[in-house]
Each structure stands twice: as structure tokens, then as C-alpha cells.
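Numbering (our numbering), first residue to last: 453 to 904.
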Ligand SMILES: [Ca+2]
């Protein structure tokens with residue numbers, strides 16, 4: 453299961469190591485969450501900086517280093533090597549992306565960091581890093597033990613005093629998480645460590661404090677995230693009066709939705725998506741996100757098109773060669789130029805592209821037409837005396853050569869056979885280099901060649 457490769461921190465000071473230990477570490481500083489400690493040359497590291505403001509503990513920055521690259525994730529900004537960058541941002545195998553809830557950094561060689569821009573950070577690591585990490589996420593050796601934080605040969609004990617009277621809070625969460633709504637999650641992930649962690653939060657409060665729901669919200673959010681990752685389906689547990697999340701535009705909050713959002717520019721993102729579901733703000737069913745005018749979620753039919761500027765549905769874009777209509781966010785184009793044609797008929801009657809006709813009797817391969825500017829195509833015709841009527845010539849073979857490639861010619865024979873390295877069936881098209889060839893063979897050869 454994926455959960456084994458996840459380390460996370462959430463709430464006021466809860467951590468879960470790669471090996472599954474949940475512990476509390478009430479530090480307020482900058483910490484190493486995970487580093488590659490296998491060799492002196494560090495592959496990567498993830499550090500977090502915690503801050504306390506307005507009675508609220510959160511992570512204010514996440515620093516990720518990958519080899520020489522230093523990526524500084526902040527609540528609303530992303531800096532790479534100290535320079536502000538636009539998101540989504542790609543560089544050497546690293547992708548930084550952001551949605552309404554999360555900032556996510558993925559490194560294709562083995563890990564990802566997801567931060568909710570508040571207090572929760574999750575690191576997912578490839579198994580190849582097993583037993584070679586250090587930091588608050590532990591050593592990732594598969595053994596859940598309490599003493600895996602070894603610093604310079606000394607064991608660093610991270611623990612917290614047993615708290616009194618956790619019973620009330622435990623009871624409240626137990627009741628919630630044992631309800632039928634959460635059954636799918638309970639089936640894939642035990643809620644016990646999360647319940648206990650949350651209860652500890654409550655007891656850190658001063659006597660007389662009113663019920664603080666933020667700890668419960670943080671716990672349920674974390675449990676829900678981990679449940680989604682473990683392929684469970686968390687319920688929509690938030691509502692307007694309990695742990696509410698406000699979504700921008702007309703988006704709706706879902707506990708479990710595809711992180712790949714369909715947009716006017718990319719209407720197939722969702723169906724091609726391989727990422728785990730996440731919580732967040734999503735477009736209602738039947739709509740896509742308007743990423744051109746940023747007007748929120750709209751029906752696909754209302755999507756505009758872009759070409760230098762933005763065009764509305766039904767607007768026409770005219771170019772030298774095409775007339776394009778904006779339809780559902782896509783250009784539907786037709787060519788304005790009519791194709792010219794030339795012909796060889798009866799083996800000796802020629803019509804040029806410009807309409808001149810003449811007769812010619814040959815006995816060889818002749819160039820019928822070729823691209824004389826480049827070498828996109830050349831078409832050869834084999835004219836030889838007909839066997840039945842020796843005073844006349846027949847077109848025996850047509851050879852189409854693309855890009856001067858003599859070893860990959862398309863050969864059309866008078867008997868209807870078409871050969872492209874081997875005999876092929878009609879209709880035949882070759883997708884190579886975007887050249888489409890379409891042929892229909894009858895008594896005379898008709899061949900249409902389109903070069904794009
Ligand atoms: Ca361990």
C-alpha cells in the first residue's frame with residue numbers, strides 16, 4: 453500500500469514516520485523532515501519552518517533541495533534558487549503545481565511533497581530510499597520503533613508525557629469515525645493513532661478553553677487524506693458549520709476528487725489522470741474550469757478559444773490558408789486553398805497542375821511531380837509499352853518517396869497491389885512524420901497525397 457511510503461505532519465505537532473509511528477514533537481523552529489542520509493552527497497532534503505501567529509500554528513515555508521536545486525515553497529509564492537517563478541513550474545524532472553488547497557512538488561526520480569499551505573505536509577517517497585533517510589520522518593527501514601532518531605550516535609527521545617483525561621475527546625472522535633460514513637476508510641486505515649493524536653491536542657489547551665474545533669478539523673483532514681491515498685473513500689464530512697472550506701468562483705468542495713482538473717484548454721485531463729484523489733475545490737459535474745478568462749467553472753460548450761488573443765464561441769479566425777471557427781474551446785478549421793491536381797491517364801495522356809494537356813510515350817521511370825524546394829515528396833511513374841498493344845504505353849508503377857527516403861518508398865502497382873516495405877491493405881495510411889497517404893486503386897490508379 454502507498455501509505456507505507458508516506459510521512460506526514462499535521463495539526464499542532466503531530467508526525468507520522470514512514471514506518472508508521474505517530475508521535476508529537478512540539479517544536480517551533482525549522483526542521484529537517486526528511487533527507488537522503490545514505491551518502492555524503494545528499495540527493496534531496498525537505499525542511500519545514502513552523503510559525504505561531506494569531507494563536508494558530510502553521511508551516512510557513514517548505515524548503516526542498518534536490519541536488520543543486522533549492523526550492524522554497526511559501527504560502528502564495530514559489531522561489532527557485534531565490535528567484536520567484538510562475539506555477540506550474542517545470543525544471544529538470546521537478547514539477548511544482550498548485551490548486552485551491554495544496555501546493556505539490558513532484559520529483560520524477562522518486563518523491564513528492566504536498567503541503568496544504570497550512571500545517572499539514574506530506575512526503576511520499578519511492579521504496580528505493582528505504583533505510584537511507586533521516587529527519588523527523590524517520591529512517592524508513594520498515595521497523596516501527598520509537599528510537600529511530602539517532603543523532604551523532606545518541607538516541608534522541610521524542611515523546612510526550614501521558615496525558616490525563618483524554619477520554620472525552622477520544623469518545624467524540626470515536627463516535628464520529630465509527631459511523632458508517634467512514635467505514636470505507638476504517639477498512640483501509642486504522643483511525644486509532646489519529647484519534648489519540650487529536651485527543652492530545654485538546655489536552656494541551658489551558659483549562660477553561662472552549663472547544664477548539666481546529667484540532668478536530670486538522671485530524672479529520674489528515675485521516676481523510678491518508679484514507680484517499682490508501683484508496684479508501686472518505687465521506688464529505690465538512691459542512692458550512694463544521695470545518696468549512698470556502699471555494700473560489702462557483703467551485704464546490706469535495707473530500708475526494710481527481711487532482712487533474714478538466715479545463716477549457718485541456719478537456720481530457722481528468723480521464724488521463726493517474727494521481728490519487730485529493731480533497732479540494734472542484735468544478736461541478738458537467739463543467740470545466742475556464743482557464744482562459746478565469747471565470748470559474750462553465751459548461752464546455754461555453755469555452756473560448758485562444759490564438760494570440762481570446763475568441764468567443766462562434767467567432768471566426770481567418771489566416772492566409774484557413775478559416776477557423778471557435779467551437780467548444782477548440783478551433784474547427786477548413787482550408788481556404790483548393791488542392792491542385794495533375795494526372796496521367798491511359799498511360800500516355802498528361803494533364804499538368806496548370807491544366808495543360810499533352811501526350812507522351814515513354815519506357816522508363818519518370819518524375820511525375822516532386823517538391824523542388826525541399827525534398828518532402830517525389831512521385832515517380834513507370835511508363836512502359838503495354839504487353840497487349842505494343843504501340844501504346846501503360847503506367848505500370850507509381851512510386852511515392854517521402855523526405856528522400858529511398859528505403860521506405862510506397863509502391864503502387866497497376867494490378868492494384870500496394871507495397872510499403874511489405875504488401876499493405878487499402879485504405880492505408882502511414883502516420884509517420886505526419887504524412888498521410890490514402891489510395892484507392894481501380895483500373896486506373898487514383899491516388900491522393902496530402903502533405904501537411
Ligand atoms: Ca524505522
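All C-beta atoms in this analysis are idealised placements derived from N, C-alpha and C, irrespective of residue type, glycine included.
Using a threshold of 7 Å, is the CB atom of residue i nearer than that to any non-hydrogen atom of ligand 3?
{"i": "residue 590", "result": "Ligand 3 is absent from the structure shown, which contains only ligand 1."}
Residue i and residue j look like a contact to me (Cβ under 8 Å); what is the Cβ gap, rounded to whole Å?
{"i": "residue 704", "j": "residue 733", "result": "7 Å"}
{"i": "residue 567", "j": "residue 514", "result": "5 Å"}
{"i": "residue 516", "j": "residue 498", "result": "5 Å"}
{"i": "residue 471", "j": "residue 643", "result": "Rounded, the Cβ-Cβ distance is 19 Å, inconsistent with contact."}
{"i": "residue 548", "j": "residue 518", "result": "Their Cβ separation, rounded to whole angstroms, is 11 Å, which puts residue 548 and residue 518 out of contact at 8 Å."}
{"i": "residue 640", "j": "residue 582", "result": "Rounded, the Cβ-Cβ distance is 22 Å, inconsistent with contact."}
{"i": "residue 757", "j": "residue 763", "result": "5 Å"}
{"i": "residue 749", "j": "residue 736", "result": "6 Å"}
{"i": "residue 510", "j": "residue 570", "result": "5 Å"}
{"i": "residue 740", "j": "residue 715", "result": "6 Å"}
{"i": "residue 849", "j": "residue 874", "result": "The Cβ separation is near 16 Å, so there is no contact."}
Taking 8 Å as the cut-off, decide whether the C-beta atoms of residue i and residue j are in contact.
{"i": "residue 592", "j": "residue 578", "result": "no"}
{"i": "residue 800", "j": "residue 813", "result": "yes"}
{"i": "residue 650", "j": "residue 671", "result": "yes"}
{"i": "residue 669", "j": "residue 585", "result": "no"}
{"i": "residue 537", "j": "residue 546", "result": "no"}
{"i": "residue 590", "j": "residue 495", "result": "no"}
Counting only the same chain and skipping the five closest in sequence on each side, list residues whose C-beta sits under 8 Å from that of residue i.
{"i": "residue 614", "result": "Confidence at residue 614 is low in this model, with a pLDDT of 49, below 50, so its placement is unreliable and the value that follows should be read with caution. Counting only Cβ-Cβ distances below 8 Å, and skipping sequence neighbours, we find nothing."}
Within its chain, find whatever has a CB closer than 7 Å to the CB of residue i; leave out the 5 residues flanking it on each side and keep chain order.
{"i": "residue 818", "result": "832, 833 and 835"}
{"i": "residue 551", "result": "711 and 732"}
{"i": "residue 612", "result": "For residue 612, the predicted model reports a pLDDT of 47, less than 50, meaning its position is unreliable; a value from the coordinates is still stated below. Around residue 612: 476 and 652."}
{"i": "residue 796", "result": "802, 820, 833 and 847"}
{"i": "residue 453", "result": "Residue placement at residue 453 is poorly supported in this model, since its pLDDT is 43, which falls under 50; the coordinates are not used for a value here."}
{"i": "residue 480", "result": "502 and 504"}
{"i": "residue 685", "result": "636 and 708"}
Can you list, in chain order, the residues of its chain with a C-beta nearer than 6 Å to that of residue i? Leave out the 5 residues immediately preceding and following it.
{"i": "residue 457", "result": "576 and 577"}
{"i": "residue 633", "result": "687"}
{"i": "residue 839", "result": "none"}
{"i": "residue 461", "result": "467 and 573"}
{"i": "residue 557", "result": "516, 548 and 565"}
{"i": "residue 861", "result": "851 and 853"}
{"i": "residue 554", "result": "566 and 568"}
{"i": "residue 823", "result": "829"}
{"i": "residue 785", "result": "774 and 776"}
{"i": "residue 805", "result": "792 and 794"}
{"i": "residue 465", "result": "476, 477 and 478"}
{"i": "residue 884", "result": "Bear in mind that a pLDDT of 42 at residue 884, under 50, signals an unreliable position, so the model cannot answer this."}
{"i": "residue 526", "result": "513"}
As an exercise, report each continuous beta strand (DSSP E) stretch of at least 3 residues that is fully enclosed by the stretch 489-570, in chain order. 496-505, 508-518, 521-526, 530-532, 541-543, 546-550, 555-559 and 563-567
Whole runs of the alpha helix (DSSP H) within the stretch 812-886, excluding any shorter than 4 residues: Fully enclosed alpha helix (DSSP H) runs of 4 or longer: not present.
Quick one: which unbroken beta strand (DSSP E) runs of 3-plus residues sit fully inside the stretch 747-822? Chain order, please. Fully enclosed beta strand (DSSP E) runs of 3 or longer: 749-751, 757-759, 761-763, 768-770, 774-779, 782-787, 795-797, 801-803, 809-811 and 816-822.
If you scan the stretch 666-748 from start to end, which runs of the beta strand (DSSP E) of 3 or more residues do you find wholly inside it? 704-709, 730-734 and 739-741
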